[in-house]
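Protein chains in written order, with my numbering: chain A, 71 to 215; chain B, 71 to 215.
Working notes, structure below.
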DNA sequence: CATAATTATTTGATATATCAAATAATAATT
DNA sequence: AATTATTATTTGATATATCAAATAATTATG
C-alpha cells in the first residue's frame with residue numbers, strides 16, 4: 071500500500087498504535103491476573119477513582135456503549151470483582167461498586183498500569199505529549215460535531 | 071475522574087479519538103452502502119491498492135488477527151464483494167480479489183473516505199500531523215519491543 | 001390524576017478481537 | 001523417501017462493539 075501524505079495515513083496509524091498498546095497491556099495484565107481483560111481492568115480503575123457510579127456514568131467515562139457495559143459488568147460481577155445495587159431513589163439505576171476482591175485486584179494492577187504507560191511513552195518528551203493530546207482532542211472534536 | 075498530567079491520560083485519549091472517528095465513518099458509510107462495515111470498507115480499499123493479496127498479507131496491512139480476517143472475508147464473500155481463490159502454487163494460501171460489485175462499492179466509498187478524513191483533520195496543520203504521526207509511531211515502537 | 005414522554009438498563013442480533021487448538025499443505029531433516 | 005517442523009488458514013470459545021427494540025421506572029403534560 072502506498073501512502074502519499076501523512077494526511078492519508080494518520081487515522082490508520084492511530085489504529086495501529088492503539089492495537090499495539092492494548093496488546094502490551096493485555097500481556098502484562100495476564101501475567102498478574104489472568105482472568106481480567108484490559109477493559110475490565112480499566113473499569114476497575116475508573117470505579118476506584120470515583121465512588122459508586124451508575125452504568126451510564128461509567129459508560130461515558132470509558133467511552134463504551136451502555137449495552138457493552140451491561141455485559142462487561144455481568145462478567146465482572148460473576149467473577150466477584152464488582153457488585154451492583156439498585157438505587158433506592160431511582161429504581162432504574164444501579165450503582166456499581168468494587169468488592170474486596172476487586173480492590174485487591176486494583177492493588178495488583180496499579181503498578182502494571184504504571185509500567186505499561188511508562189513503556190509506551192518511553193523517550194517521548196512532555197511537550198510532545200501535550201502536543202499529541204492537543205491534536206487528538208481536535209480530531210475527536212471534529213468527529214463529534 | 072482526575073487526570074494530573076498528560077502522561078496519565080494520553081493513551082486513554084487515543085481510544086477516545088479512534089472511537090469518535092470510527093463512529094463518524096460508520097455513519098457516513100451507512101448512508102451510501104448500508105451493508106458494509108468500516109472494517110469491510112477498509113479491507114476493500116486495501117485490496118484495491120494491491121492486486122490479489124493472501125489473507126496473511128491482508129491481515130498485516132489492516133492490523134488484524136488472521137482469525138478475524140477469515141471471518142470478515144467470509145461475510146464479504148457471502149455479500150459478493152470479494153472472492154477467494156486457492157493459490158495453485160501453494161494450496162494453503164488463498165488469494166483474495168475484488169469482484170465487480172466490490173469495485174462498484176469502492177467507487178462509492180472513495181469520496182466518503184476522503185470526506186471522513188477531511189472532516190476529522192479539519193483545522194489541523196501539516197506540521198501538526200507530521201508530529202502526530204511521529205509520536206504515534208514512537209509509541210507503537212515502544213509497545214512492540 | 002391519567003397519559004405521554006423520557007430515562008436507565010437489558011436483551012437480541014450481528015460484527016469484530018483474541019487465544020488456542022485443529023487442519024492441511026509445504027519445507028526441512030535425517 | 002519418511003518423518004518432523006513450519007506455514008496458512010480455519011474453527012471453537014469467549015469478550016467486546018453497535019444498533020434496535022424491549023422493559024421498567026420516573027418525569028412532564030394536558
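Using N, Cα and C, we set each Cβ at its ideal position, and we do this for glycine too.
All values reported here derive from a predicted model rather than from experimental measurement.
Cα-Cα separation, residue i to residue j
i                      : j                      : result
residue 101 of chain A : residue 140 of chain A : 26 Å
residue 85 of chain B  : residue 192 of chain A : 19 Å
residue 165 of chain B : residue 151 of chain B : 14 Å
residue 187 of chain B : residue 158 of chain A : 46 Å
residue 206 of chain A : residue 88 of chain B  : 9 Å
residue 197 of chain A : residue 211 of chain A : 21 Å
residue 214 of chain B : residue 90 of chain A  : 6 Å
residue 104 of chain A : residue 110 of chain A : 12 Å
residue 83 of chain B  : residue 154 of chain A : 28 Å
residue 135 of chain B : residue 129 of chain B : 6 Å
residue 148 of chain B : residue 138 of chain A : 27 Å
residue 172 of chain A : residue 145 of chain A : 13 Å
Delimiting residues of the alpha helix (DSSP H) encompassing residue i
i                      : result
residue 167 of chain A : No alpha helix (DSSP H) contains residue 167 of chain A, which is instead part of the beta strand (DSSP E) from 164-168.
residue 122 of chain A : From DSSP, residue 122 of chain A is part of no alpha helix (DSSP H); its letter is neither H nor E.
residue 207 of chain A : 196-214
residue 89 of chain A  : 80-102
residue 148 of chain B : 136-148
Beta-carbon proximity of residue i to residue j, cut-off 9 Å
i                      : j                      : result
residue 99 of chain A  : residue 179 of chain A : yes
residue 163 of chain A : residue 125 of chain A : yes
residue 175 of chain B : residue 94 of chain B  : no
residue 208 of chain A : residue 194 of chain B : yes
residue 123 of chain B : residue 131 of chain B : yes
residue 203 of chain B : residue 80 of chain A  : yes
residue 127 of chain B : residue 121 of chain B : no
Start and end residues, beta strand (DSSP E) containing residue i
i                      : result
residue 156 of chain A : 152-156
Check: residue i C-beta below 8 Å from any heavy atom of the ligand MG
i                      : result
residue 121 of chain B : In the structure shown, the ligand MG is absent, as is every other ligand, since no ligand is present at all.
Among the options, nearest to residue i - alpha-carbon criterion
i                      : options                       : result
residue 107 of chain A : A/215, A/183, A/212 and A/135 : A/183
residue 170 of chain A : A/118, A/80, A/203 and A/83   : A/118
residue 185 of chain B : B/127, B/96 and B/128         : B/96
residue 133 of chain B : A/189, A/138 and A/92         : A/92
Taking a cut of 7 Å between CB atoms, which residues from the region 173-206 of chain B lie near chain A?
From the region 173-206 of chain B, only 187, 189, 190, 191, 192, 193, 194, 198, 199, 200, 201, 202, 203, 205 and 206 have a Cβ closer than 7 Å to chain A.
Using a Cβ-Cβ cut-off of less than 8 Å, give me the residues of the region 85-106 of chain A that come near chain B, in sequence order.
Those residues of the region 85-106 of chain A that come within reach of chain B (Cβ to Cβ, closer than 8 Å) are 85, 86, 87, 88, 89, 90, 91, 93 and 94.
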